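Residue numbers (the working numbering): 915 to 1445. Working notes, structure below.
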């Protein structure tokens, strides 16, 4: 038997060891409820109907001939590498119809059938238990792949390249991740001064290559490749291999920058046009499914993340990186501007957990978790004030700042404008810049005092002390210097005042605290860095 397909008898032993031998539930009705399908890597399979995001889910199935009340049951998950499980209690009154299915969304929303935590692409243990803690069902997950579900079959558990949320698991089942060989391109993406002929091929026996030119992910209804493609304008070609008895290969994307300017780095994004422009799910339009913010109700105010591919090319046409990612609209009131900013997310849900390239010549980092394509904020004319204000600090002040690289952005082959490719200042910024672990090493707090990593406990203690003691007292000031970086705080005040930042100090503030002294030795720039 494959190591990836575990018998429930083994799972029961494993979970007994972890949760001290709770006896299995014997109630007949409850025994008809089972975990039927799990999709951790929901990169583009299905949107949840409430929050309109692609999120991980677990499907429960009622095999009986009568409805079963499942409110109060517990879904317990132990993520890989952790010792403390996460527990979600199904809402009171929840039931599953006879022969019906129920999806529980793991998206950190913490409302209704949406849990306050996520699942892990690295795998882990998942159990369904009664309100009293008795085991009903369980499954062990190995590392997962994007848009591949793990589900129950007559013969055990298997992988499904075509997940079936809310329906029976009837699509082809696989014992492992058996992907068709990815297609190859005769001509790589890059800058070209004239039209290019692009031939697609695959080594997969019986494989058929399908492709798209509109930025969308190829499907089994996309055009079949038969003859070389003539590309005479800036175009993104995305292709996948389809073959009987194999999972569809992950898409391969290449952007042909025909006669594109060579003065700046180019960032090419490709996504299904509906992810940008649909009235119901599009993130760049006013649409019909929006939220109100800054006097405007629009889709672009939603916290929607959409799948895309990204390619970054330098000025000589060489590709620096290319991978699948998630992206969303970034900013607050600037979302109402015609040219909007984007946040770019590298996550295992899409394949890679990092942008693995030294994108900024003045920083030593070789990988990033989050990036921004910033359009300039309120500076809609020069697009430079924020970047210039931060770049002026380099070599002059000890202060955290966002690295900057100017870029021309294209989306689905269309020119989108001049942007600043930037780091995002969040918990990942602290983790990357200072070599810390956000799970164990520091607190990061947003301007609304929401913890982004760790807790707010120590901040509250610090704030109480500052509010009740006079810093003019030398003893108080000496203590404050042990609790905060006073010199960097002074630098920060000088920089913001000098830049005349009118969007401060009432907002756009984040602060962090390491639990132990931080070493800065790893911040030395390596030599011979090509960017």
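Note that beta-carbon positions come from the ideal geometry of N, C-alpha and C, so glycine has one too. In this text, all values refer to a predicted model and were calculated from it rather than measured experimentally.
In this structure, does DSSP put residue 1190 in helix, strand or coil?
The answer is helix: DSSP assigns residue 1190 an H, G or I state.
Closest residue to residue 1290 among 1188, 1299 and 1127 (Cα-Cα distance):
Comparing Cα positions, the closest option is 1299.
Which value, in whole angstroms, describes the spacing of the CA atoms of residue 1134 and residue 1079?
Straight-line Cα distance between these residues: approximately 19 Å.
Short Cβ contact (8 Å threshold) for residue 1338 with residue 1410
For residue 1338 and residue 1410, no; Cβs fall outside 8 Å.
Taking 8 Å as the cut-off, does the stretch 1148–1167 touch the stretch 1119–1129 (at least 3 CB pairs, one atom from each stretch)?
Three or more beta-carbon pairs separated by less than 8 Å link the stretch 1119–1129 to the stretch 1148–1167, which places the two stretches in contact.
Reduced DSSP secondary structure (H/G/I, E/B, other) of residue 1297
Reduced to three states, the DSSP call for residue 1297 is coil.
How far does the alpha helix (DSSP H) with residue 1395 in it extend, from its first residue to its last?
Its alpha helix (DSSP H) spans residues 1388–1397.
DSSP beta-bridge partners for residue 1282?
Here residue 1282 is bridged, per DSSP, to 1269.
Just the C-alpha distance for residue 1301 and residue 1352, rounded to the nearest angstrom, thanks.
The alpha-carbon atoms of residue 1301 and residue 1352 are separated by roughly 27 Å.
In whole angstroms, what is the alpha-carbon distance linking residue 1177 and residue 1028?
In a straight line, the C-alpha of residue 1177 is about 46 Å away from that of residue 1028.
Given that a residue counts as buried once 16 or more other Cβ atoms are within 10 Å of its Cβ, and exposed if not, what is residue 1041?
By the 10 Å Cβ count, residue 1041 comes out buried.
Quick check: the stretch 1053–1061 against the stretch 948–964, are there 3 or more CB pairs under 8 Å?
The answer is yes - the stretch 948–964 touches the stretch 1053–1061, with three or more Cβ pairs under 8 Å.
To the nearest whole angstrom, what separates the beta carbons of residue 1097 and residue 1182, a pair I think is in contact under 8 Å?
Residue 1097 to residue 1182, Cβ: 18 Å. No contact.
Roughly how many angstroms separate the alpha carbons of residue 1025 and residue 1395, rounded to a whole number?
Here the alpha carbons of residue 1395 and residue 1025 stand approximately 41 Å from one another.
Contact between the stretch 1213–1224 and the stretch 1353–1369 (3+ Cβ pairs under 8 Å)
The stretch 1213–1224 vs the stretch 1353–1369: no contact.
Does the beta-carbon distance from residue 1266 to residue 1272 come in below 8 Å?
No. Outside cutoff.
So, at 7 Å on beta carbons, what are the nonlocal neighbours of residue 1146 in its own chain, with the 5 sequence-adjacent residues on each side left out?
Excluding residues within five positions, the ones whose Cβ falls inside 7 Å are 1109 and 1172.
When the Cα of residue 1038 is compared with those of 973, 1046 and 1000, which residue comes out closest?
Closest in C-alpha terms to residue 1038, from the list 973, 1046 and 1000, comes 1000.
Could you give the first and the last residue of the continuous beta strand (DSSP E) run that contains residue 1144?
Run containing residue 1144: 1143–1145, per the beta strand (DSSP E) assignment.
Flag this pair as touching only if the stretch 1010–1018 and the stretch 975–990 have three or more C-beta atom pairs under 8 Å; answer yes or no.
Contact between the stretch 1010–1018 and the stretch 975–990 is present, because at least three Cβ pairs lie under 8 Å.
Looking at residue 1428: is its Cβ nearer than 8 Å to the Cβ of residue 1350?
Yes, the pair counts as a contact, with Cβ atoms nearer than the cut-off.
Residue 1374 burial status per 10 Å Cβ neighbour count (16 or more: buried)
With fewer than 16 other Cβ atoms within 10 Å, it is exposed.
By DSSP, does residue 1002 sit in helix, in strand, or in coil?
In the structure shown, residue 1002 sits in a strand (DSSP, three-state: E or B).
Alpha-carbon to alpha-carbon, residue 994 and residue 1035:
Spanning the two alpha carbons is a distance of roughly 9 Å.
Cβ-based neighbour list, residue 1226, same chain, cut-off 6 Å, excluding 5 preceding and 5 following
Only 1181, 1234 and 1235 meet the Cβ criterion.
Beta-carbon proximity list for residue 942, same chain, < 7 Å, skipping 5 on both sides
Note that residue 942 scores a pLDDT of 47, beneath 50, so its modelled location is shaky; the value from the coordinates is reported in the next line. Cβ within range, chain order: n/a, list empty.
How would you write the range of the alpha helix (DSSP H) that residue 969 sits in, first residue to last?
The continuous stretches of alpha helix (DSSP H) do not include residue 969, and DSSP gives it neither H nor E.
Given this structure, state the Cα-to-Cα distance separating residue 1377 from residue 1263, to the nearest angstrom.
Straight through space, the alpha carbons of residue 1263 and residue 1377 are spaced by roughly 38 Å.
Given that a residue counts as buried once 16 or more other Cβ atoms are within 10 Å of its Cβ, and exposed if not, what is residue 1403?
Burial call: exposed.
Out of 1346, 1094 and 1417, state which residue places its alpha-carbon closest to the alpha-carbon of residue 1432.
That would be 1346, whose Cα lies nearest to the Cα of residue 1432.
Output yes or no for whether 8 Å exceeds the beta carbon distance between residue 1085 and residue 1074.
Taking C-beta atoms as the reference points, residue 1085 and residue 1074 count as a pair closer than 8 Å.
Per DSSP, the bridge partner or partners of residue 1458:
In this structure the chain extends from 915 to 1445, so residue 1458 is not present and cannot be described.
On the CB-based measure, 16 or more other CB atoms within 10 Å of its CB, does residue 1329 come out buried or exposed?
Residue 1329 is exposed by the Cβ-count criterion.
Beta-carbon within less than 7 Å of residue 1372's beta-carbon, same chain only, minus the 5 sequence neighbours each way: which residues are those?
Spatial neighbours of residue 1372 in its own chain (CB-CB distance under 7 Å, excluding positions within 5 residues in sequence) are listed in chain order as 1357 and 1427.
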